[in-house]
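The opening position of the sequence shown corresponds to residue 3 in the numbering used here, with each subsequent residue numbered one higher. Here a beta-carbon is modelled for each residue, glycine too, at the ideal position from N, C-alpha and C. Computed from a predicted model, the values in this text were never measured in an experiment. Here's the structure we're looking at; comments come further down.
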Amino acid sequence: MINNDLKDLSESNPDAKIKLAVMKFSTGCEWMTPAPVSLERYGDWENIEADGLTAFGEACEELCSKLSKKTGFMTREASPIGYYAPVIILMSDGAPTDNFEKGNENALNSDISITHENGKEELLCQTAALLNKVIDTKKKSVHKQNQFLSSDVSKESSLENKNNYFEDDEDFTDDDHFDFNVKKGWVTLTAYSGDDRVIKIFDILNEIADSAFAGFSAEKIVIPDSVKKIGNEAFRNCKNLIDVTMPDSITEIDTHAFGGCEGITSIEIPNNVEVFNEVTFENCKKLTDVILPYNLIKINNDVFSGCESLVEIDIPESIESIGENAFSDCINLKRVYLPDSLEVIGENDEDSNVFNGCRNVVIEYDGRSYKYGQLKSLYIRINCQ
3 MINNDLKDLS
13 ESNPDAKIKL
23 AVMKFSTGCE
33 WMTPAPVSLE
43 RYGDWENIEA
53 DGLTAFGEAC
63 EELCSKLSKK
73 TGFMTREASP
83 IGYYAPVIIL
93 MSDGAPTDNF
103 EKGNENALNS
113 DISITHENGK
123 EELLCQTAAL
133 LNKVIDTKKK
143 SVHKQNQFLS
153 SDVSKESSLE
163 NKNNYFEDDE
173 DFTDDDHFDF
183 NVKKGWVTLT
193 AYSGDDRVIK
203 IFDILNEIAD
213 SAFAGFSAEK
223 IVIPDSVKKI
233 GNEAFRNCKN
243 LIDVTMPDSI
253 TEIDTHAFGG
263 CEGITSIEIP
273 NNVEVFNEVT
283 FENCKKLTDV
293 ILPYNLIKIN
303 NDVFSGCESL
313 VEIDIPESIE
323 SIGENAFSDC
333 INLKRVYLPD
343 SLEVIGENDE
353 DSNVFNGCRN
363 VVIEYDGRSY
373 KYGQLKSLYI
383 RINCQ
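Pasting the structure below:
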(Lines of atoms letter the chains of each structure in order from A and count residues from 1; the text may use other names and numbers.)
(Lines give C-alpha, C1' and ligand atoms only; values in the text may rest on other atoms or scores of the structure.)
Protein backbone atom coordinates (compact mmCIF):
# COMPACT_ATOMS: atom_id res chain seq x y z
CA MET A 1 0.00 0.00 0.00
CA ILE A 2 2.85 2.40 0.81
CA ASN A 3 4.38 1.75 -2.61
CA ASN A 4 1.10 2.53 -4.36
CA ASP A 5 0.46 5.66 -2.27
CA LEU A 6 3.91 7.05 -3.00
CA LYS A 7 3.63 6.34 -6.71
CA ASP A 8 0.18 7.95 -6.83
CA LEU A 9 1.57 10.98 -5.00
CA SER A 10 4.40 11.37 -7.49
CA GLU A 11 2.20 10.89 -10.57
CA SER A 12 -0.45 13.37 -9.36
CA ASN A 13 2.20 16.05 -8.71
CA PRO A 14 4.44 15.91 -11.83
CA ASP A 15 5.90 19.39 -11.22
CA ALA A 16 6.71 18.83 -7.54
CA LYS A 17 10.10 17.77 -6.24
CA ILE A 18 9.04 15.00 -3.85
CA LYS A 19 11.78 13.38 -1.79
CA LEU A 20 11.76 10.53 0.70
CA ALA A 21 13.86 9.78 3.78
CA VAL A 22 13.44 6.50 5.69
CA MET A 23 14.40 5.69 9.28
CA LYS A 24 13.84 2.41 11.12
CA PHE A 25 13.75 2.05 14.89
CA SER A 26 13.65 -0.92 17.26
CA THR A 27 16.21 -1.24 20.10
CA GLY A 28 17.83 1.84 18.55
CA CYS A 29 17.24 3.85 15.37
CA GLU A 30 19.10 4.32 12.08
CA TRP A 31 18.52 5.98 8.73
CA MET A 32 18.09 3.70 5.74
CA THR A 33 18.68 6.74 3.51
CA PRO A 34 21.53 9.07 4.55
CA ALA A 35 19.74 11.97 2.86
CA PRO A 36 16.34 12.52 1.19
CA VAL A 37 16.15 10.91 -2.25
CA SER A 38 13.63 11.09 -5.06
CA LEU A 39 10.87 8.48 -5.18
CA GLU A 40 12.33 7.16 -8.43
CA ARG A 41 15.75 6.62 -6.87
CA TYR A 42 14.38 4.98 -3.77
CA GLY A 43 12.36 2.39 -5.67
CA ASP A 44 9.91 0.12 -3.90
CA TRP A 45 9.37 0.16 -0.17
CA GLU A 46 11.41 -2.54 1.54
CA ASN A 47 9.94 -4.86 4.17
CA ILE A 48 11.38 -4.40 7.68
CA GLU A 49 11.30 -7.26 10.19
CA ALA A 50 9.86 -6.37 13.61
CA ASP A 51 12.26 -7.28 16.45
CA GLY A 52 13.77 -5.82 19.61
CA LEU A 53 12.26 -2.89 21.50
CA THR A 54 10.37 0.16 20.20
CA ALA A 55 12.58 3.20 20.77
CA PHE A 56 10.08 5.76 19.54
CA GLY A 57 11.40 8.55 21.76
CA GLU A 58 14.95 8.07 20.48
CA ALA A 59 13.61 8.06 16.92
CA CYS A 60 11.82 11.36 17.55
CA GLU A 61 15.00 12.95 18.90
CA GLU A 62 16.93 11.78 15.82
CA LEU A 63 14.15 13.07 13.56
CA CYS A 64 14.36 16.43 15.29
CA SER A 65 18.05 16.73 14.44
CA LYS A 66 17.36 16.04 10.77
CA LEU A 67 14.51 18.57 10.58
CA SER A 68 16.77 21.38 11.75
CA LYS A 69 17.12 24.33 9.38
CA LYS A 70 20.77 24.67 10.43
CA THR A 71 22.24 21.17 10.36
CA GLY A 72 19.70 18.66 9.00
CA PHE A 73 17.67 17.89 5.89
CA MET A 74 16.00 21.32 5.82
CA THR A 75 19.05 23.57 5.35
CA ARG A 76 19.37 26.11 2.54
CA GLU A 77 22.17 24.04 1.08
CA ALA A 78 19.85 21.03 0.87
CA SER A 79 17.08 23.05 -0.77
CA PRO A 80 17.64 26.75 -1.52
CA ILE A 81 13.92 27.46 -1.94
CA GLY A 82 12.97 25.64 1.27
CA TYR A 83 10.49 22.83 1.87
CA TYR A 84 6.86 22.51 2.64
CA ALA A 85 6.17 21.13 6.10
CA PRO A 86 6.97 17.41 5.75
CA VAL A 87 4.54 14.53 6.08
CA ILE A 88 5.78 11.78 8.40
CA ILE A 89 4.44 8.27 7.89
CA LEU A 90 4.62 6.32 11.16
CA MET A 91 4.46 2.52 11.09
CA SER A 92 4.85 0.60 14.33
CA ASP A 93 4.09 -2.89 15.58
CA GLY A 94 3.44 -1.75 19.15
CA ALA A 95 3.62 0.96 21.80
CA PRO A 96 6.90 2.76 22.69
CA THR A 97 9.20 1.09 25.21
CA ASP A 98 11.16 4.26 26.09
CA ASN A 99 10.20 7.72 27.30
CA PHE A 100 8.62 8.68 24.00
CA GLU A 101 6.60 11.59 25.44
CA LYS A 102 9.78 13.51 26.35
CA GLY A 103 11.42 12.71 23.03
CA ASN A 104 8.26 13.42 21.10
CA GLU A 105 7.71 16.76 22.84
CA ASN A 106 11.31 17.85 22.27
CA ALA A 107 11.29 16.79 18.64
CA LEU A 108 7.84 17.44 17.27
CA ASN A 109 6.16 20.32 19.09
CA SER A 110 5.56 22.05 15.76
CA ASP A 111 3.26 22.23 12.73
CA ILE A 112 4.48 18.91 11.32
CA SER A 113 1.79 16.48 10.28
CA ILE A 114 2.06 12.72 10.91
CA THR A 115 0.13 9.98 9.19
CA HIS A 116 -0.06 6.50 10.60
CA GLU A 117 -0.46 3.16 8.85
CA ASN A 118 -1.21 0.04 10.90
CA GLY A 119 -0.16 1.87 14.07
CA LYS A 120 -2.06 2.01 17.33
CA GLU A 121 -4.63 4.78 17.50
CA GLU A 122 -3.81 5.28 21.18
CA LEU A 123 -0.25 6.19 20.19
CA LEU A 124 -1.62 8.43 17.47
CA CYS A 125 -3.81 10.33 19.93
CA GLN A 126 -0.95 10.67 22.43
CA THR A 127 1.21 12.11 19.69
CA ALA A 128 -1.57 14.47 18.63
CA ALA A 129 -1.64 15.94 22.13
CA LEU A 130 1.94 17.15 21.62
CA LEU A 131 1.59 18.21 17.98
CA ASN A 132 -0.54 20.88 16.37
CA LYS A 133 -2.12 18.22 14.20
CA VAL A 134 -1.87 14.55 13.24
CA ILE A 135 -3.51 13.15 10.12
CA ASP A 136 -5.20 9.77 10.30
CA THR A 137 -4.89 8.34 6.79
CA LYS A 138 -7.45 5.62 7.40
CA LYS A 139 -10.24 7.93 8.55
CA LYS A 140 -9.05 10.84 6.39
CA SER A 141 -9.37 13.11 9.40
CA VAL A 142 -7.10 15.23 11.55
CA HIS A 143 -6.40 14.91 15.25
CA LYS A 144 -6.03 18.50 16.43
CA GLN A 145 -6.03 19.16 20.16
CA ASN A 146 -7.75 15.76 20.47
CA GLN A 147 -10.58 16.71 18.10
CA PHE A 148 -11.34 15.19 14.68
CA LEU A 149 -11.61 17.65 11.82
CA SER A 150 -12.43 16.80 8.21
CA SER A 151 -9.43 17.53 6.01
CA ASP A 152 -7.85 17.41 2.62
CA VAL A 153 -4.66 15.64 3.65
CA SER A 154 -2.40 17.15 1.01
CA LYS A 155 -3.49 20.71 1.80
CA GLU A 156 -3.28 20.30 5.57
CA SER A 157 0.20 18.86 5.38
CA SER A 158 1.76 21.38 3.03
CA LEU A 159 0.00 24.56 1.96
CA GLU A 160 -1.01 25.69 5.42
CA ASN A 161 2.61 25.75 6.58
CA LYS A 162 4.39 26.70 3.40
CA ASN A 163 6.73 29.27 4.95
CA ASN A 164 7.87 27.26 7.99
CA TYR A 165 11.30 26.47 6.56
CA PHE A 166 12.37 29.83 5.18
CA GLU A 167 14.89 31.96 6.99
CA ASP A 168 13.50 35.48 7.35
CA ASP A 169 15.04 38.58 5.75
CA GLU A 170 17.14 36.60 3.28
CA ASP A 171 17.75 36.55 -0.46
CA PHE A 172 18.49 33.31 -2.27
CA THR A 173 18.44 31.61 -5.67
CA ASP A 174 17.12 28.15 -6.53
CA ASP A 175 18.18 25.68 -9.21
CA ASP A 176 15.43 26.83 -11.60
CA HIS A 177 16.87 30.36 -11.97
CA PHE A 178 14.40 32.07 -9.63
CA ASP A 179 15.64 34.65 -7.11
CA PHE A 180 13.64 35.10 -3.91
CA ASN A 181 13.39 37.33 -0.88
CA VAL A 182 11.63 36.36 2.33
CA LYS A 183 10.59 38.98 4.87
CA LYS A 184 8.25 38.30 7.77
CA GLY A 185 6.89 35.22 6.00
CA TRP A 186 6.15 37.14 2.76
CA VAL A 187 7.91 35.45 -0.17
CA THR A 188 8.76 37.67 -3.16
CA LEU A 189 10.11 36.47 -6.51
CA THR A 190 12.64 39.19 -7.30
CA ALA A 191 14.20 37.99 -10.56
CA TYR A 192 14.33 35.21 -13.14
CA SER A 193 17.40 34.29 -15.17
CA GLY A 194 16.23 31.24 -17.13
CA ASP A 195 15.09 30.81 -20.72
CA ASP A 196 12.08 28.48 -20.37
CA ARG A 197 9.24 28.89 -22.89
CA VAL A 198 6.70 27.88 -20.24
CA ILE A 199 7.20 29.22 -16.71
CA LYS A 200 5.25 27.74 -13.80
CA ILE A 201 5.81 29.83 -10.72
CA PHE A 202 6.12 27.99 -7.40
CA ASP A 203 3.08 28.16 -5.13
CA ILE A 204 5.19 29.36 -2.22
CA LEU A 205 5.21 32.91 -3.59
CA ASN A 206 3.15 35.89 -2.46
CA GLU A 207 4.46 38.58 -4.81
CA ILE A 208 6.15 38.99 -8.19
CA ALA A 209 8.51 41.93 -7.84
CA ASP A 210 9.12 44.89 -10.13
CA SER A 211 10.68 43.85 -13.48
CA ALA A 212 11.07 40.22 -12.34
CA PHE A 213 10.39 38.83 -15.84
CA ALA A 214 10.71 42.02 -17.90
CA GLY A 215 11.98 41.43 -21.43
CA PHE A 216 12.13 37.62 -21.25
CA SER A 217 11.12 35.34 -24.12
CA ALA A 218 8.66 33.07 -22.30
CA GLU A 219 5.46 32.19 -24.19
CA LYS A 220 3.35 31.06 -21.25
CA ILE A 221 3.24 32.10 -17.58
CA VAL A 222 1.26 30.17 -14.95
CA ILE A 223 0.82 32.17 -11.74
CA PRO A 224 -0.26 30.14 -8.66
CA ASP A 225 -3.04 31.08 -6.26
CA SER A 226 -0.54 31.98 -3.54
CA VAL A 227 0.38 35.20 -5.37
CA LYS A 228 -1.31 38.42 -4.18
CA LYS A 229 0.57 41.13 -6.07
CA ILE A 230 2.21 41.64 -9.48
CA GLY A 231 4.76 44.43 -9.36
CA ASN A 232 5.63 47.36 -11.60
CA GLU A 233 6.85 46.26 -15.07
CA ALA A 234 6.88 42.63 -13.86
CA PHE A 235 6.31 41.24 -17.39
CA ARG A 236 6.91 44.37 -19.45
CA ASN A 237 8.10 43.84 -23.03
CA CYS A 238 7.81 40.04 -22.92
CA LYS A 239 7.09 40.20 -26.63
CA ASN A 240 6.69 36.43 -27.11
CA LEU A 241 4.25 36.04 -24.24
CA ILE A 242 0.95 34.60 -25.50
CA ASP A 243 -0.75 32.99 -22.52
CA VAL A 244 -1.00 34.28 -18.93
CA THR A 245 -2.93 32.46 -16.21
CA MET A 246 -3.77 34.64 -13.20
CA PRO A 247 -5.71 33.38 -10.14
CA ASP A 248 -8.33 35.32 -8.17
CA SER A 249 -5.89 35.54 -5.25
CA ILE A 250 -4.26 38.51 -7.00
CA THR A 251 -5.49 41.84 -5.64
CA GLU A 252 -2.99 44.26 -7.19
CA ILE A 253 -1.47 44.60 -10.66
CA ASP A 254 0.99 47.46 -10.73
CA THR A 255 1.98 50.05 -13.35
CA HIS A 256 3.27 48.74 -16.71
CA ALA A 257 2.93 45.14 -15.46
CA PHE A 258 2.16 43.76 -18.94
CA GLY A 259 2.98 46.81 -21.05
CA GLY A 260 4.46 45.96 -24.44
CA CYS A 261 3.50 42.28 -24.31
CA GLU A 262 2.65 42.28 -28.00
CA GLY A 263 1.78 38.58 -28.30
CA ILE A 264 -1.04 38.39 -25.73
CA THR A 265 -4.40 37.95 -27.47
CA SER A 266 -6.69 37.49 -24.47
CA ILE A 267 -6.57 38.21 -20.76
CA GLU A 268 -8.90 37.53 -17.84
CA ILE A 269 -8.28 39.83 -14.90
CA PRO A 270 -8.69 38.30 -11.42
CA ASN A 271 -11.96 39.25 -9.74
CA ASN A 272 -10.29 40.64 -6.62
CA VAL A 273 -8.50 43.40 -8.55
CA GLU A 274 -10.36 46.65 -7.79
CA VAL A 275 -7.98 49.22 -9.33
CA PHE A 276 -5.99 49.15 -12.56
CA ASN A 277 -2.79 51.12 -12.15
CA GLU A 278 -1.58 53.23 -15.06
CA VAL A 279 -0.49 51.75 -18.41
CA THR A 280 -1.00 48.16 -17.19
CA PHE A 281 -1.60 46.74 -20.69
CA GLU A 282 -0.27 49.57 -22.84
CA ASN A 283 0.71 48.54 -26.38
CA CYS A 284 -0.49 44.94 -26.11
CA LYS A 285 -1.02 45.17 -29.84
CA LYS A 286 -2.65 41.75 -30.43
CA LEU A 287 -5.01 41.89 -27.46
CA THR A 288 -8.55 41.23 -28.71
CA ASP A 289 -10.40 39.75 -25.73
CA VAL A 290 -10.47 41.27 -22.23
CA ILE A 291 -12.60 40.05 -19.32
CA LEU A 292 -12.61 42.66 -16.55
CA PRO A 293 -13.20 41.77 -12.88
CA TYR A 294 -16.70 42.33 -11.56
CA ASN A 295 -15.26 44.19 -8.53
CA LEU A 296 -13.32 46.73 -10.62
CA ILE A 297 -13.75 50.28 -9.28
CA LYS A 298 -11.16 52.33 -11.16
CA ILE A 299 -9.30 52.18 -14.48
CA ASN A 300 -6.37 54.59 -14.32
CA ASN A 301 -4.69 56.53 -17.13
CA ASP A 302 -3.50 54.77 -20.30
CA VAL A 303 -4.32 51.25 -19.05
CA PHE A 304 -5.25 49.92 -22.52
CA SER A 305 -3.72 52.66 -24.67
CA GLY A 306 -2.29 51.37 -27.94
CA CYS A 307 -4.17 48.05 -27.81
CA GLU A 308 -4.91 48.38 -31.50
CA SER A 309 -6.57 44.96 -31.97
CA LEU A 310 -9.17 45.47 -29.24
CA VAL A 311 -12.62 45.52 -30.83
CA GLU A 312 -15.07 45.69 -27.93
CA ILE A 313 -15.12 45.76 -24.15
CA ASP A 314 -17.76 45.67 -21.42
CA ILE A 315 -17.03 47.77 -18.34
CA PRO A 316 -18.41 46.11 -15.17
CA GLU A 317 -21.27 47.60 -13.14
CA SER A 318 -18.89 48.27 -10.24
CA ILE A 319 -16.81 50.90 -12.09
CA GLU A 320 -16.70 54.44 -10.70
CA SER A 321 -13.82 56.11 -12.55
CA ILE A 322 -11.97 55.82 -15.89
CA GLY A 323 -8.74 57.77 -16.34
CA GLU A 324 -7.37 59.87 -19.20
CA ASN A 325 -6.34 58.02 -22.36
CA ALA A 326 -7.44 54.71 -20.85
CA PHE A 327 -8.36 53.47 -24.35
CA SER A 328 -6.48 55.97 -26.53
CA ASP A 329 -5.27 54.75 -29.92
CA CYS A 330 -7.31 51.54 -29.76
CA ILE A 331 -7.88 52.18 -33.45
CA ASN A 332 -10.11 49.15 -34.06
CA LEU A 333 -12.31 49.61 -31.00
CA LYS A 334 -15.92 49.56 -32.16
CA ARG A 335 -18.11 49.04 -29.10
CA VAL A 336 -17.86 49.93 -25.40
CA TYR A 337 -20.51 49.51 -22.74
CA LEU A 338 -20.41 51.99 -19.83
CA PRO A 339 -22.60 51.30 -16.77
CA ASP A 340 -24.63 53.82 -14.77
CA SER A 341 -22.23 53.42 -11.84
CA LEU A 342 -19.57 55.47 -13.68
CA GLU A 343 -19.07 58.84 -11.93
CA VAL A 344 -15.89 60.26 -13.47
CA ILE A 345 -14.47 59.79 -16.96
CA GLY A 346 -11.15 61.34 -17.94
CA GLU A 347 -10.18 64.68 -16.40
CA ASN A 348 -13.68 65.31 -15.11
CA ASP A 349 -14.45 67.85 -17.84
CA GLU A 350 -15.76 68.02 -21.40
CA ASP A 351 -12.31 67.78 -23.00
CA SER A 352 -11.41 64.30 -21.76
CA ASN A 353 -9.34 62.05 -24.01
CA VAL A 354 -10.34 58.62 -22.74
CA PHE A 355 -11.06 57.33 -26.26
CA ASN A 356 -8.67 59.57 -28.18
CA GLY A 357 -8.01 58.14 -31.66
CA CYS A 358 -10.82 55.57 -31.47
CA ARG A 359 -12.62 56.97 -34.51
CA ASN A 360 -14.81 53.90 -35.13
CA VAL A 361 -16.06 53.52 -31.58
CA VAL A 362 -19.68 53.59 -30.41
CA ILE A 363 -20.22 54.05 -26.67
CA GLU A 364 -23.38 52.68 -25.07
CA TYR A 365 -24.40 54.54 -21.92
CA ASP A 366 -27.72 54.87 -20.12
CA GLY A 367 -29.77 53.67 -23.08
CA ARG A 368 -28.09 55.89 -25.66
CA SER A 369 -25.32 55.38 -28.21
CA TYR A 370 -22.52 57.92 -28.73
CA LYS A 371 -20.25 57.98 -31.77
CA TYR A 372 -16.73 59.36 -31.76
CA GLY A 373 -17.84 62.88 -32.70
CA GLN A 374 -20.41 62.90 -29.89
CA LEU A 375 -18.07 61.96 -27.05
CA LYS A 376 -17.86 65.51 -25.72
CA SER A 377 -21.57 65.43 -24.85
CA LEU A 378 -21.05 62.01 -23.21
CA TYR A 379 -18.23 63.35 -21.05
CA ILE A 380 -20.37 66.32 -19.99
CA ARG A 381 -23.30 64.07 -19.15
CA ILE A 382 -21.21 61.76 -16.94
CA ASN A 383 -18.92 64.30 -15.29
CA CYS A 384 -21.60 66.90 -14.60
CA GLN A 385 -24.35 64.65 -13.30
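Take the Cβ of residue i as the centre, count every other Cβ of all protein chains shown within 10 Å, and call the residue buried at 16 or more, exposed below.
i	result
D304	buried
E63	buried
T29	exposed
T35	exposed
K2	Examination of residue 2 is not possible in this model, given that the chain is present from 3 through 387 alone.
V189	buried
A220	buried
N285	buried
S268	exposed
N57	The question names Asn, yet the displayed sequence has Ala at residue 57. So A57 counts as buried.
Y1	In this structure the chain extends from 3 to 387, so residue 1 is not present and cannot be described.
S330	buried
T60	For clarity, residue 60 is Glu in the given sequence; the question names Thr instead. The residue is buried, with at least 16 neighbouring Cβ atoms inside 10 Å.
Tell me, please, which residues DSSP counts as bridged to residue i.
i	result
Y372	I365
F27	C31
I201	I223
V189	V184
V338	I315, I365
F278	I255, I301
I271	None; I271 has no bridge partner.
L22	V39
V292	I269
Between which residues of its own chain and residue i is the CB-CB distance below 8 Å, once the five residues before and five after are set aside?
i	result
T257	N234, E235, N279, E280, V281, T282
Y194	H179, F180, D181, I201, A214, F215, F218
D291	T267, S268, I269
Quick check: the Cα distance between residue i and residue j, rounded to an integer number of angstroms?
i	j	result
F180	P226	15 Å
G325	K241	26 Å
K336	Y381	18 Å
I333	C360	5 Å
V363	M248	29 Å
L243	F237	9 Å
S12	I20	7 Å
F306	N208	26 Å
S354	S323	13 Å
P341	L312	19 Å
P98	L55	8 Å
D205	L191	11 Å
E124	C31	Low confidence applies to E124: its pLDDT is 49, below 50, so where it sits in the model is not reliable, and the reading given next is rough at best. Between E124 and C31, the C-alpha separation is close to 22 Å.
R370	I252	35 Å
Excluding the 5 residues flanking residue i on each side, which residues of the same chain have their C-beta closer than 6 Å to its C-beta?
i	result
A23	T35, P38
P318	L294, Y296, L298
V246	I223
F75	P38, K68
Please return the same chain residues whose Cβ sits closer than 7 Å to the Cβ of residue i, not counting the five positions on each side in sequence.
i	result
N273	D250, P295, Y296, N297
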